[in-house]
Every structure is written in C-alpha cells, then in structure tokens.
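Chains as they are written, first to last, in the UniProt record's numbering: chain V, 1 to 224; chain B, 1 to 224. Glycine included, every Cβ here is placed at the ideal spot set by N, Cα and C. The structure under discussion appears below in the form of structure tokens.
Number of protein chains: 2
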Amino acid sequence: MSPKYGFSIDQLMELAGLSVASAIRETYPPETHPRVLVIAGPGNNGGDGLVAARHLTHFGYDVSVCYPKRSPGKALYEGLVTQCETLGVTFVSADALVGGGAAPPPPLRETHDVAVDAMFGFSFAGAPRAPFDALLALLHQRASPPPIVAVDIPSGWDVDDGDVFGDGMRPETLVSLTAPKIGATAFAGAHHFLGGRFVPPRMKEEFGLRAPEYEGAKQCVRIA
Amino acid sequence: MSPKYGFSIDQLMELAGLSVASAIRETYPPETHPRVLVIAGPGNNGGDGLVAARHLTHFGYDVSVCYPKRSPGKALYEGLVTQCETLGVTFVSADALVGGGAAPPPPLRETHDVAVDAMFGFSFAGAPRAPFDALLALLHQRASPPPIVAVDIPSGWDVDDGDVFGDGMRPETLVSLTAPKIGATAFAGAHHFLGGRFVPPRMKEEFGLRAPEYEGAKQCVRIA
Numbered sequence: 001m002s003p004k005y006g007f008s009i010d011q012l013m014e015l016a017g018l019s020v021a022s023a024i025r026e027t028y029p030p031e032t033h034p035r036v037l038v039i040a041g042p043g044n045n046g047g048d049g050l051v052a053a054r055h056l057t058h059f060g061y062d063v064s065v066c067y068p069k070r071s072p073g074k075a076l077y078e079g080l081v082t083q084c085e086t087l088g089v090t091f092v093s094a095d096a097l098v099g100g101g102a103a104p105p106p107p108l109r110e111t112h113d114v115a116v117d118a119m120f121g122f123s124f125a126g127a128p129r130a131p132f133d134a135l136l137a138l139l140h141q142r143a144s145p146p147p148i149v150a151v152d153i154p155s156g157w158d159v160d161d162g163d164v165f166g167d168g169m170r171p172e173t174l175v176s177l178t179a180p181k182i183g184a185t186a187f188a189g190a191h192h193f194l195g196g197r198f199v200p201p202r203m204k205e206e207f208g209l210r211a212p213e214y215e216g217a218k219q220c221v222r223i224a
Numbered sequence: 001m002s003p004k005y006g007f008s009i010d011q012l013m014e015l016a017g018l019s020v021a022s023a024i025r026e027t028y029p030p031e032t033h034p035r036v037l038v039i040a041g042p043g044n045n046g047g048d049g050l051v052a053a054r055h056l057t058h059f060g061y062d063v064s065v066c067y068p069k070r071s072p073g074k075a076l077y078e079g080l081v082t083q084c085e086t087l088g089v090t091f092v093s094a095d096a097l098v099g100g101g102a103a104p105p106p107p108l109r110e111t112h113d114v115a116v117d118a119m120f121g122f123s124f125a126g127a128p129r130a131p132f133d134a135l136l137a138l139l140h141q142r143a144s145p146p147p148i149v150a151v152d153i154p155s156g157w158d159v160d161d162g163d164v165f166g167d168g169m170r171p172e173t174l175v176s177l178t179a180p181k182i183g184a185t186a187f188a189g190a191h192h193f194l195g196g197r198f199v200p201p202r203m204k205e206e207f208g209l210r211a212p213e214y215e216g217a218k219q220c221v222r223i224a
C-alpha cells in the first residue's frame, strides 16, 4: 500500500493479522479446533501470521508458531515474537515438525486442528528453500494435513496464475488481504474471506477493486 | 504499557482506537447516529481518537475531527491525519465549533449525533488550556451536548479521584482502555466498555487486573 495513504507497516500488519485471526475465529471455533499452528515465513506474510497468532491466543486458542527464518535487528518482527512469547505462544522448530531427529514426528493433523500458511505472500517468486520446502510438503494434500488457512495467497501458488504446482497445497480457507489476487481465482476451498479493512475508497477506485460490504465492526467479510 | 511486552505505539494505538470505534458501533448504530464528531487532544488520547475516526468512517459514519493542537514532525500523528484525510474525514477548527467568528455556531447536538472526547488521557494534570477549555465547555452538561463517548477517562476528570470539576462533563459512554482507571468509578453513564484487547495475562496478574471475557473476535466488551 502506497505511503501516500499515511499508514505505517505496523498498522497495516496489525489489521491484516487481526482479520486473519477473525476469519479463523468465524470458521474454526476454539471449542472444536483448539490447537492452531502458524507457519510464518521471513517477510510480511510471516508478520501477518505472527500478529494473527497473538490475536488467536486472545481469542482462546492454544497457538504454536513455527518461525524458522527470523530477521534479526528488525524491531517490528522482534516485537511480534516478544508479544507472542509474553502470551505463552509455543515456538516450535521446523525440525520438530518435519522430522529432523531420530523419531519421525506424528502427522500434523494429530497434533494440530488448524494450520495457518503464512509463509510467502504475493511478492514471492521462485522455488522455496529449506526448511520451507519441507514445511510446504507437510501441508501438501498428499500429507493429509489438518484444515489449512492461507494468508493472502497459498504459499507456492503463483500470484497471477494460481497453483503453478498443479497438485500442491489445497487450503480449505483463504483470507485475501485488501483484494483477492488474480491467482486466488484458482482457490476451490470452502471458505474465502476478505480482510484488511483499511483500503480507502479512493484507492479502491484507483485499482478498480470491487469489495463486498463489511458488517458492523467486523474485520473480515466472507466472499465465498 | 511496558516495552518489555514488545509492542510499538502504532500497534497499541491501532487496537485502542479500534476498540473505541467498535464500542460506538455497538451503542450508536450509524443508521440512528450518522454524524460523529471526534475532538482529539495533542497526545496519545488524541491519537486513539484519530484511529477511531478512521475505523468509524469504514463502519459507515460521517465523521468530523477537531484536532487543534497537532504535533508537527511526529510521523505517527501525521500519518493518522493523512489516513483520515484520504478517507474523506472532515477536519473542523475549534473556532468553527465554539464560535470564534461573527455568527455563533449552532448547538453541537444539532450538527452531530455523537461526540467523542479524545482530548486528554490518564496522564493529564492541571487546567486545560485554550482551545480545549472552550471545547470542554461545549461538552459540559449545561450545554446539552449530544451523547458523549469518553476515551479511557473523561477529559477534565481526575484519573484517581473521578470528576474533580464536580459538575463537569457527563459522558453517556466510557471506553476504558486495558483497565478501568480509579477515577472511572465515578462514571454514572449508561454504557461502560473495556477496550484494548492486548493485555497479556502476565501483565494482568502483575497489576491485579480483573477483566471480563471478550466474545469471539470482538475488540470491546461491555462492563456495565
């Protein structure tokens, strides 16, 4: 979002992450889906995931975060980790999830009720490096993962062409931020939300966005 | 809130202002109370008001802001103004409200359906200077103002002793942030909300706070 609208990244990330958490709260109540795993990448998408992890904890979930590639010296991201740690969020290593040790870990669906894919956003290109390749495989449909919530665009999908991996990740829920990306038209999951309730009408016009109406004070709105 | 919890002021102000806007959305729907005036002071309380003004606009209100003492060079506050301007929020001068010109302005209750007092917070002490003295008089019960929503603590009230002005402002709604201040026990209005859903349990224990449970993804909760 352009600086001419006056937002700081802290503000936008806060509202984006809150809308992701709100969509999860609406779709997977903590009574039936108490254990949430957030897999956070190194950039903004991961930051949205860390914010969501904090709000989900406040919403009553038992939240674990896998955040294998941190950006040291970036105050915002270090703060997001501190906020989660203070709340009692459990940080797990990628090895613990994919099985870098002697005993193979149990399938993800046995240890978590929802997995949040906050690895890569719309600016990602190329092939994912370790350990994200292995983490992506964990969310692959062949691995029978728990329901997956993708932040903005499923990681590994092409932002313009949809799922370039063909038989890759199949999220049950997608939370598009500010506007659905072109690649999201390939999304065939059960729940599609729009989040990021901060887009000024002028910007909507500028980009020809058509958005459904949010209800009351809610920070996400169901698209499909 | 202590830096040891890792929050930036941008994040806390965003969530505080959102909770104020959410409480207003719950109490005064835009269908019956479309015109909201936010009176913002020079500090954090005013910043919470500016964030609330932005969210209220997204919630469907016609929002005006009076922000007479700006802090130039402070990126956060300048950004909050830009965000509001971009959304089409109207900025009005204190003179336009209190009548610095030839013709006296109409009573506030004829031009606005809700007035948000975001002038001074819990750290304010002493007597308010111009133009806030005149703006406070506009919200005085003798002036028969529209329903007033006070942010954290009614301006002019003593944070520890309650209303030291005796017959001062009488807000109909109070949104206490993180925890009700001692002075809020003197609040006798119809609606009392708690906002600021970011207090870690450890901090609650540290300060002996007892808070009601928030519902779902809501950012405010009714106390009384």
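- Apart from the 5 residues on each side of it in sequence, residue 45 (chain V) sits with its Cβ closer than 6 Å to the Cβ of 118, 120, 121, 151 in its chain, given in chain order.
- For residue 193 (chain B), the uninterrupted beta strand (DSSP E) segment begins and ends at 191-195.
- Secondary structure within the segment 36-119 of chain B: the beta strand (DSSP E) runs of 3 or more consecutive residues, fully enclosed, are 62-66, 114-118 (chain order).
- Contact between residue 115 (chain B) and residue 145 (chain B) holds: CB atoms are separated by about 6 Å, below the 8 Å threshold.
- By the Cβ neighbour-count rule, residue 197 (chain V) is buried, with 16 or more other Cβ atoms within 10 Å of its own.
- With 16 or more other CB atoms across the displayed protein chains lying within 10 angstroms of its CB, residue 178 (chain B) is buried.
- According to the DSSP assignment, residue 174 (chain V) belongs to no alpha helix (DSSP H) but to the beta strand (DSSP E) extending over 173-177.
- For residue 53 (chain V), same chain residues with a beta-carbon under 6 Å away, outside a window of 5 residues either side, are 38, 63, 65, 84, 89 in chain order.
- None of the residues of the segment 169-185 of chain V has a beta carbon lying less than 8 Å from any beta carbon of chain B.
- The contact set of residue 22 (chain V) on chain B, defined by CB atoms closer than 7 Å, consists of 217 in chain order.
- Taken through DSSP and simplified to helix, strand or coil, residue 142 (chain B) comes out as helix.
- Residues of the segment 68-89 of chain B with a Cβ closer than 9 Å to any Cβ of chain V, in chain order: 75, 76, 78, 79, 80, 81, 82, 83, 84, 85, 86, 87, 88.
- DSSP places residue 150 (chain V) in the uninterrupted beta strand (DSSP E) bounded by 148-151.
- When secondary structure is reduced to three states using DSSP, residue 129 (chain V) falls in the coil class, being assigned neither helix nor strand.
- Around the Cβ of residue 32 (chain V), a 10 Å sphere holds fewer than 16 other Cβ atoms; the residue is exposed.
- Residue state for residue 25 (chain V) is assigned as helix, using DSSP reduced to three classes.
- When rounded, the separation of the alpha-carbon atoms in residue 172 (chain B) and residue 192 (chain B) is 8 Å.
- Put simply, of B:194, B:211, B:43, B:200 the residue whose alpha carbon is nearest the alpha carbon of residue 24 (chain B) is B:194.
- Scanning chain V for C-beta atoms nearer than 8 Å to the C-beta of residue 5 (chain B) yields 82, 83, 86, reported in chain order.
- Annotation: Cβ neighbours of residue 10 (chain V) in chain B (cutoff 8 Å, chain order): 8, 10, 11, 14.
- Residues of chain V whose Cβ lies closer than 7 Å to the Cβ of residue 112 (chain B) do not exist; the shortest such Cβ separation is about 20 Å.
- Bridge partners of residue 169 (chain V) according to DSSP: V:140.
- Taking C-beta atoms as the reference points, residue 87 (chain V) and residue 200 (chain B) count as a pair closer than 8 Å.
- In the DSSP annotation of this structure, the continuous segment of the alpha helix (DSSP H) that includes residue 202 (chain B) starts and ends at 201-206.
- From the listed residues V:97, V:206, V:223, the smallest Cα separation to residue 143 (chain V) is found for V:97.
- A Cβ of chain B is located within less than 8 Å of the beta carbon of residue 200 (chain V).
- Annotation for residue 222 (chain V): the continuous beta strand (DSSP E) segment containing it runs 220-222.
- Residues 172, 173 of the same chain have their beta carbon placed closer than 8 Å to that of residue 190 (chain V), with the five preceding and five following residues left out of the count.
- The CB of residue 191 (chain B) never comes closer than 9 Å to any CB in chain V; the least such distance is about 15 Å.
- The straight-line gap separating the alpha-carbon atoms of residue 100 (chain B) and residue 106 (chain B) is approximately 13 Å.
- Listed along chain B, the residues sitting closer than 7 Å to residue 197 (chain V) by beta-carbon distance are 58.
- Here the alpha carbon of residue 91 (chain B) sits roughly 22 Å from the alpha carbon of residue 140 (chain B).
- The beta-carbon separation of residue 56 (chain V) and residue 81 (chain V), rounded to 15 Å, does not stay under the 8 Å limit for a contact.
- With fewer than 16 neighbouring CB atoms inside 10 Å of its own CB, residue 123 (chain B) falls in the exposed class.
- In this structure, V:147 is the residue among V:48, V:223, V:147 with its C-alpha nearest to the C-alpha of residue 109 (chain V).
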